[in-house]
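For reference, the structure is listed below as structure tokens.
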Amino acid sequence: MTVEQSEDMNKLWADYLFLTQEILKFIRKKNLDMVLELVEQREKLQAKISSVQDTSYALTGEGKQHFQDILQNNKAIEEQMKLWKNVTVRQNQVSNAYDGVFAPGVGYRMDRQS
């Protein structure tokens, strides 16, 4: 890998790390629209990175550090998404529980024979 290619890979992985950090930041802010936009950008960047056949960047000190930082952020994203999902499921369960509470009496007066 030439110095120029190494710098290009460093830039790509630095951008990937930045997007990963931003995804985590917006997940914590519960801004789903921005999270989805950032994930889309990160997927495009992943395609660019995958198109490069030389993987020697992964063996450099910078590469190892980027991968470690990305791995930590991905774990934090996964934890936040699980938490977000659990909260949403719980809110949905509570909402569904209240849906049936008032339903039986809705047509009661109209059916009465008095």
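Take 66 as the starting number for the sequence shown in our numbering and just add one per residue. Heads up, the beta-carbon is just placed ideally off N, CA and C, and yes, glycines get one too.
Item to check | For Tyr163 and Gln156, the rounded distance between their alpha carbons | outcome: 11 Å
Item to check | 8 Å contact criterion, which Arg93 and Gln145 should meet: CB distance rounded | outcome: 6 Å
Checklist entry - When you compare only the Cα positions, how much space is there between Val154 and Phe91? => result 20 Å
Checklist entry - How is the alpha helix (DSSP H) around Lys109 delimited, first residue to last? => result Leu97 to Ser116
Next on the checklist: In whole angstroms, give me the CA-to-CA distance for Gln137 and Gln118.
Outcome noted: 25 Å
Next on the checklist: So the candidates are Met99, Val152, Tyr81 and Asn161; which of them puts its Cα closest to the Cα of Ser115?
Outcome noted: Tyr81
Checklist entry - Are Leu124 and Leu84 touching if we call contact CB-CB under 8 Å? => result no
Item to check | Backbone secondary structure at Lys94 - three-state DSSP | outcome: coil
Item to check | C-alpha distance - Glu180 paired with Ser160, whole-angstrom precision | outcome: This structure gives no information on residue 180, because the portion of the chain shown stretches from 66 to 179.
Next on the checklist: What would DSSP say about Asp73, mapped onto helix, strand or coil?
Outcome noted: helix
Next on the checklist: At the level of alpha carbons, what is the spacing between Asn151 and Ala112?
Outcome noted: 31 Å
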